[in-house]
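Report on the following structure.
2 protein chains.
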Amino acid sequence: MISLDAQEISATANLSARIYADLRMKLIIGDLRPNEAVSIRTLASDYNVSAMPVREALRQLASEEALVGAAKKAYRVPNLSPSQAANLFFVRSVLEGAAAELAVLNIRKGDFKILKKFIVQMENAWAKNDASSFLRANYEFHSFIYARAGNAAMQAIIDGLYVRTGPWLAHGIVNLVKPDHWLGEHTRIIDALQNRDGQKARELMEKDAKWGSDLYQRLSSS
Amino acid sequence: MISLDAQEISATANLSARIYADLRMKLIIGDLRPNEAVSIRTLASDYNVSAMPVREALRQLASEEALVGAAKKAYRVPNLSPSQAANLFFVRSVLEGAAAELAVLNIRKGDFKILKKFIVQMENAWAKNDASSFLRANYEFHSFIYARAGNAAMQAIIDGLYVRTGPWLAHGIVNLVKPDHWLGEHTRIIDALQNRDGQKARELMEKDAKWGSDLYQRLSSS
DNA sequence: TCAATGCAACTGTGATCACAGACGTCTTCA
DNA sequence: TGAAGACGTCTGTGATCACAGTTGCATTGA
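Protein sequences, first through last, are from chains A and B.
Residue numbering for the first sequence follows numbering that gives the first Met the number 0, starting at 0 and increasing by one per position.
Residue numbering for the second sequence follows numbering that gives the first Met the number 0, starting at 0 and increasing by one per position.
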């Protein structure tokens with residue numbers, strides 16, 4: 000049985016919303032893998048609720064293409080084609096680039112310590128081959144920055160992209176030898192933010208968002 | 000009773016999906032107005048189905064913030080605050096700008112006649128004060144272009160933005176004297192696409208996406 | 001031994017019911 | 001005449017059941 004009263008899940012009165020949020024995070028950090036089946040009744044049993052809230056959560060995820068569902072067949076985590084993955088990373092680079100440029104205007108002095116903490120977490124997770132923790136720290140690093148853009152709509156949209164690329168990234172990381180440049184542009188992004196250099200922050204963020212695409216290149220050529 | 004077997008709605012086996020698509024278009028063209036209540040049982044009766052498919056459609060729309068729902072209260076069309084509207088139009092300008100730049104690479108010779116047809120439709124609708132038709136033609140013009148970017152993920156995300164700005168635009172248009180520049184940058188965008196000038200297409204599209212923001216300026220200052 | 005067939009256990013989907021909280025109106029009392 | 005309280009109606013939400021189509025395994029036949 001999966002408990003839903005974790006602190007991180009907002010205490011909405013709604014069962015559906017909590018299951019939805021929980022599954023979303025599982026997708027972001029790669030706890031659900033491409034092509035994995037998720038069934039309404041199984042999840043309902045895991046969460047110890049009826050099928051009702053689960054089916055609504057799954058339908059929502061399917062509508063934002065975080066899951067795929069065919070008629071009378073189990074929902075599945077999508078198996079992204081090369082072009083689909085490239086498309087997602089392209090949108091991410093466009094939006095995260097714009098967000099980083101805006102974030103320069105709102106970033107606060109104490110934020111940099113937090114951002115550096117996420118980098119340390121990524122480093123530790125990478126050393127332990129812990130893909131989930133690595134992806135979570137990576138997400139939190141990026142998420143923290145584009146939250147500082149002060150545009151809630153943009154923030155939600157980028158979140159949706161992480162949900163969709165998460166399983167695919169996790170698959171790539173575990174099936175791959177360590178890339179030498181796992182840090183991406185993260186440290187340089189912090190520098191640009193500290194220097195309030197919006198143009199530079201944008202460029203670096205656009206480049207970093209393509210890190211996932213690089214991963215794919217190595218995957219498909221190996 | 001509202002019929003769902005219109006040609007435009009894809010013949011998915013799913014009732015929920017068809018109701019979802021129908022409501023989405025109603026939002027895009029402003030058939031549902033800000034703050035309007037939409038109730039599960041009322042819609043179920045209108046569509047002549049049970050509450051089940053409707054509640055799933057409404058929940059989906061709420062999850063993408065095309066509707067808002069409080070506990071035990073009817074779902075409502077959101078009444079956007081000035082900053083929320085500005086945020087949406089900003090994201091639209093970023094994404095549609097990038098899409099227009101890509102569209103230059105894929106646009107076909109016969110496309111321009113279609114695009115000009117949409118402009119004529121906008122002109123006619125404007126002359127008849129038909130806000131729904133105006134918004135539909137405007138949506139189809141833009142939609143046609145960003146579909147040509149060849150990025151399905153980006154296309155779906157921009158679609159979602161039109162769903163959210165639709166009711167607000169309709170409200171602005173009907174409560175406003177005609178702006179003199181209703182055409183926006185549409186004709187110039189066609190020129191840029193024809194000249195395969197990606198940079199220009201991007202600039203014009205970014206500017207045009209802010210047309211809605213202009214509308215708001217006039218609204219709030221009147 | 002292998003392939004074809006059938007059955008059993010799964011899948012999502014729609015309908016229906018029970019429930020609790022919100023809202024508005026109408027009545028009643030001061 | 002006014003305000004306060006109660007009741008009926010409407011809201012979304014969760015649970016449960018029936019149904020039909022899919023899948024995969026086991027059995028049976030050649």
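Beta carbons: idealized from backbone N, C-alpha and C, even for Gly.
Chain B residues whose Cβ lies nearer than 9 Å to that of residue i
| i | result |
| --- | --- |
| Ala152(A) | Glu64, Gln83, Asn86, Leu87, Phe89, Val90, Leu160 and Arg163 |
Of the residues the options, the one placed nearest residue i, counting alpha carbons only
| i | options | result |
| --- | --- | --- |
| Gly29(B) | Asn194(B), Ala130(B) and Glu55(B) | Ala130(B) |
| Glu100(B) | Leu134(B), Leu57(B), Val67(B) and Tyr145(B) | Tyr145(B) |
| Gly211(A) | Leu168(A), Ile39(A) and Val90(A) | Leu168(A) |
| Arg91(B) | Glu122(B), Ser142(B), Val53(B) and Gly68(B) | Ser142(B) |
| Phe111(A) | Arg201(A), Thr164(A), Ile39(A) and Asn194(A) | Asn194(A) |
| Tyr138(A) | Gly159(A), Thr41(A) and Glu55(A) | Gly159(A) |
| Met153(B) | Glu63(A), Ala50(A) and Asp213(A) | Glu63(A) |
| Lys72(B) | Asn34(B), Asn150(B), Arg147(B) and Leu79(B) | Asn34(B) |
| Arg147(B) | Gly96(B), Gln59(B), Ile172(B) and Leu14(B) | Gly96(B) |
| Ile157(A) | Phe89(A), His170(A) and Val119(A) | Phe89(A) |
| Leu182(A) | Ala43(A), Gly171(A) and Glu122(A) | Glu122(A) |
| Arg75(A) | Gln120(A), Arg32(A) and Ser44(A) | Arg32(A) |
| Met24(B) | His170(B), Arg163(B), Arg201(B) and Gly171(B) | Arg163(B) |
| Arg201(A) | Ala136(B), Val93(B) and Gln59(B) | Val93(B) |
| Leu14(B) | Ser82(A), Ile39(A) and Ala70(A) | Ala70(A) |
Chain A residues whose Cβ lies nearer than 8 Å to that of residue i
| i | result |
| --- | --- |
| Arg58(B) | Ser15, Glu55, Arg58 and Gln59 |
heavy atom of the ligand GTP below 6 Å from residue i C-beta
| i | result |
| --- | --- |
| Phe133(A) | Questions concerning the ligand GTP fall outside what the structure shown contains, since it holds no ligand whatsoever. |
Straight-line Cα distance separating residue j from residue i
| i | j | result |
| --- | --- | --- |
| His161(A) | Pro77(A) | A small fix is needed here, since residue 161(A) is Tyr in this sequence, not His. Approximately 13 Å between the Cα atoms of the pair. |
| Ile18(A) | Thr186(B) | 47 Å |
| Lys225(A) | Ala124(B) | Given that chain A is displayed from residue 0 to residue 221, the structure contains no residue 225(A) and the question cannot be resolved. |
| Leu57(A) | Val37(A) | 9 Å |
| Ile27(B) | Gly68(A) | 25 Å |
| Ala16(B) | Pro52(B) | 8 Å |
| Ala84(B) | Leu114(B) | 26 Å |
| Ser132(A) | Phe117(A) | 10 Å |
| Ala65(A) | Lys206(B) | 32 Å |
| Asn105(A) | Lys199(A) | 16 Å |
| Gly165(B) | Lys127(A) | 49 Å |
| Ala102(A) | Tyr46(B) | 45 Å |
| Ser9(A) | Asp21(A) | Only weak support exists for where Ser9(A) lies, its pLDDT of 46 falling under 50; the value from the coordinates is given anyway. Going from the Cα of Ser9(A) to the Cα of Asp21(A) covers about 10 Å. |
| Met204(B) | Glu55(B) | 35 Å |
| Ala5(A) | Phe140(A) | A caution first: Ala5(A) carries a pLDDT of 42, below 50, which makes its placement in the model unreliable, though a value can still be read off. If I take the Cα positions, the gap works out to 21 Å. |
| Ala155(A) | Gly149(A) | 11 Å |
| Asp213(A) | Ala151(B) | 21 Å |
| Val173(B) | Gly197(A) | 39 Å |
| Ile189(B) | Thr41(B) | 43 Å |
| Lys209(A) | Lys209(B) | 28 Å |
| Ser49(A) | Ala61(B) | 22 Å |
| Leu192(B) | Ala43(A) | 51 Å |
| Gln120(B) | Pro81(A) | 38 Å |
| Ile39(B) | Glu184(A) | 48 Å |
| Asn86(A) | Gln59(A) | 21 Å |
| His170(B) | Leu79(A) | 40 Å |
| Arg135(A) | Ala136(B) | 43 Å |
| Ala98(A) | Ala98(B) | 17 Å |
Chain A contact residues for residue i, given Cβ-Cβ distances below 7 Å
| i | result |
| --- | --- |
| Val93(B) | Val93, Leu94 and Ala97 |
Within chain A, partners of residue i - CB distance below 9 Å
| i | result |
| --- | --- |
| Ile156(B) | Val90, Leu94, Ile156, Gly159 and Leu160 |
Inset, instruction - Please specify which runs of the alpha helix (DSSP H), each continuous and at least 4 residues long, are wholly inside the region 14-101 of chain B, giving them in chain order. - result: 14-27, 39-46 and 50-62
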